[in-house]
Amino acid sequence: MKTTILNGGLAGDRFTDHMQHLLQAELSESGGDATVWTLRDEKIAYCLGCFDCWTKTPGICRIDDAGRDVAASIIASDLVVFLTPVTFGGYSSELKKAVDRSICLISPFFTRIDGEVHHRRRYDHYPAMLAIGILPEQNPEQEAIFT
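Have a look at this one:
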């Protein structure tokens, strides 16, 4: 199984890095192949919200930086793991930049599925997604928001 791990740990967050290494070891032990992106170490600009990736260069962001490579890694995977410290019940700012820049992976057009409106798929294959939120101590409120 091809896996992409997006490590959204912030500077100085050694616990998220430790969890990443444990996850990599488990994946390796089961014969999986993992690509790891330590997002804080990558140059990823904020999404401009221009929608060029939908209209002018379908599937490709106009910003030529690591955000393009992360999106390509996501769509080429069977599983994407979002590994992040829980911040105000959500994910980190580093992970948010990468998630925002992956909007190019969906189509701007809509379809109905079981009475719900969804974006049409741009590609035939999309990975399964797993979010792992990390808290320094138990916090029921943030846990409830994150799930």
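By the count of my numbering, the sequence shown reaches residue 996 at its end, each step adding exactly one.
For each residue, glycine too, the CB sits at the ideal point set by N, CA and C.
Just so you know, these numbers come straight off a predicted model, no measurement behind them.
- Here the segment 924-939 makes contact with the segment 859-867; the two share three or more CB pairs at distances below 8 Å.
- Here the alpha carbon of residue 885 sits roughly 6 Å from the alpha carbon of residue 855.
- According to the DSSP assignment, residue 995 belongs to the alpha helix (DSSP H) that extends over 989-995.
- Boundaries cannot be given for residue 974, as no beta strand (DSSP E) includes it and DSSP labels it neither H nor E.
- In chain order, 900, 903, 904, 968 place their CB closer than 8 Å to the CB of residue 957, counting only its own chain and leaving out the 5 sequence neighbours on each side.
- In the structure shown, residue 929 falls within a strand segment according to DSSP collapsed to helix, strand and coil.
- In the structure shown, residue 961 falls within a strand segment according to DSSP collapsed to helix, strand and coil.
- Here residue 879 is exposed, its C-beta having fewer than 16 other C-beta atoms within 10 Å.
- Scanning 876, 981, 989 for the CA closest to the CA of residue 858 turns up 981.
- Within the model, the alpha-carbon separation for residue 960 versus residue 975 is close to 17 Å.
- Per DSSP, the unbroken alpha helix (DSSP H) holding residue 904 starts and ends at 901-904.
- Secondary structure at residue 935: coil, using DSSP grouped into helix, strand and coil.
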